[in-house]
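Following: one structure in structure tokens, then a few remarks.
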Amino acid sequence: MQKLNSTNSDDSMVSVLELKNITKKYSIDGNEIIANDDISFSLKKRESIALVGPSGCGKTTLIRLIAGLEVPTSGVIEFEGKPITGPIRQIMMVFQSFAIFPWKTVQENVELALLDKPESERSSIATKFVDLVGLGGFEASYPRELSGGMKQRVGIARAICREPDILLLDEPFSALDALTANNLRNEVLRFYLSKKNKPDILILVTHNIEEAVYMANRVVVLSKRPGKVLGDIKIDLPFPRNKNDPKFASYVDQVTSLISS
Ligand SMILES: Nc1ncnc2c1ncn2[C@@H]1O[C@H](COP(=O)(O)OP(=O)(O)OP(=O)(O)O)[C@@H](O)[C@H]1O
Ligand SMILES: [Mg+2]
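Residue numbers 1 to 261, in my numbering, belong to the letters of the sequence shown in order.
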């Protein structure tokens with residue numbers, strides 16, 4: 001299999017994110033649960049990976065660790081060579097449940113992500129990103145007035161307005177109807193593939209194997225708990241991908257059989 005397509009600049013050879021022997025254990029009522037078991041992989045600029053695996057195998061835990069929202073029990077995660085010890089500006093996350101404030105407008109929800117910017121700049125940056133995700137005209141709307149797809153657009157605007165190097169997406173389309181999910185998938189992909197935009201790296205958690213093969217250069221398959229890496233499959237197809245291409249179907253089969261192994 002060929003190397004995945006990426007820019008040919010030197011940067012594309014350097015690992016931006018490295019997970020080194022990550023184990024995460026939880027203790028519930030005295031019982032130990034191993035959510036992630038000795039997980040190692042690294043990511044370079046312009047890579048897009050999908051994390052797939054059975055429910056409960058530790059996908060959300062793993063991206064929360066990358067986001068700095070949890071601390072590994074052992075191992076280290078490095079961003080540009082420095083250990084991640086808490087949330088950082090360069091890594092932002094989009095949640096399945098949208099996680100937006102119902103009592104704030106669309107504009108205010110996005111501005112909340114910009115509190116470290118001068119007050120005079122927040123409004124124009126937020127407006128730009130609200131517009132970019134297709135919500136121009138809805139700045140003053142409240143979440144209750146929005147569809148699921150629109151709410152997720154707010155979640156996406158709030159993450160990308162920070163221009164993160166790495167965008168983490170935890171099943172961002174799974175609460176949406178099929179058509180809305182498809183549109184939003186294509187928009188996120190188009191935004192990511194446009195080299196003038198940050199993020200440089202996408203990490204997508206999904207249950208949907210077709211979605212993984214559609215959006216990622218690499219699909220990392222985790223085993224059922226305790227979640228270990230079962231395989232790291234390079235998807236060597238150009239974007240935008242054609243779901244009717246027999247090679248597409250063969251990658252879907254390959255990932256499916258690894259998950260079921
Ligand atoms: N904060 C927590 N405290 C205790 N146990 C936890 C915590 N977070 C996750 N777990 C446990 O860790 C395991 C992995 O959970 P996680 O949510 O990461 O799985 P997942 O792969 O994202 O599942 P799903 O596909 O259903 O979203 C589960 O057994 C879960 O109960
Ligand atoms: Mg999860």
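Note that the Cβ used here is the ideal one computed from N, Cα and C, for glycine as well.
Here the structure is a predicted model, which means the values were calculated and not measured.
Taking just the CA atoms, how far does residue j sit from residue i?
i: E163; j: K25; result: 32 Å
i: D165; j: I201; result: 6 Å
i: L69; j: E78; result: 14 Å
i: K195; j: R46; result: 9 Å
i: I33; j: S260; result: 22 Å
i: R190; j: P172; result: 16 Å
i: S42; j: N186; result: 25 Å
i: A99; j: I49; result: 23 Å
i: S174; j: G53; result: 15 Å
i: G86; j: P102; result: 26 Å
i: N208; j: E119; result: 40 Å
i: Q2; j: Q152; result: In this prediction, Q2 scores a pLDDT of 36, lower than 50, which makes its location untrustworthy; the coordinate-derived value is nonetheless stated afterwards. For Q2 and Q152, the distance between alpha carbons rounds to 35 Å.
i: L258; j: M215; result: 18 Å
i: P238; j: D253; result: 18 Å
Report the residue from the options whose alpha carbon sits nearest the alpha carbon of residue i.
i: I160; options: F95, L65 and K243; result: F95
i: P199; options: V188, V205 and D38; result: V188
i: S27; options: T73, M93, D177 and L51; result: T73
i: I156; options: D116, E145, L135 and D38; result: L135
i: N36; options: V16, I63, E18 and K44; result: I63
i: G56; options: L112, P143, D253 and V205; result: V205
i: L168; options: A178, L65, V110 and S15; result: L65
i: E210; options: G81, A181, G148 and R89; result: A181
i: A178; options: G148, R158, V154 and R122; result: G148
Cβ atoms of residue j and residue i: under 8 Å apart, would you say?
i: K20; j: S40; result: yes
i: V106; j: F138; result: yes
i: L222; j: L114; result: no
i: D170; j: M93; result: yes
i: R241; j: D232; result: no
i: V76; j: K44; result: no
i: A126; j: E145; result: no
Who are the near neighbours of residue i in its chain, counting only those whose CB is closer than 6 Å to its CB and skipping five residues on each side?
i: E251; result: At residue 251 the sequence reads Tyr, which differs from the Glu that was named. Once the five neighbours on either side are set aside, the close Cβ partners of Y251 are V213 and I235.
i: I22; result: N36, I39, P72 and G75
i: V133; result: R153, I156 and A157
i: P226; result: I34 and D37
Tell me which same chain residues have a C-beta within less than 8 Å of the C-beta of residue i, skipping the five on either side of it?
i: D245; result: L237
Excluding five sequence neighbours on each side, which residues of the same chain lie with their C-beta closer than 7 Å to the C-beta of residue i?
i: I88; result: G68 and F79
i: N197; result: F191
i: N109; result: I100, F101, V154 and R158
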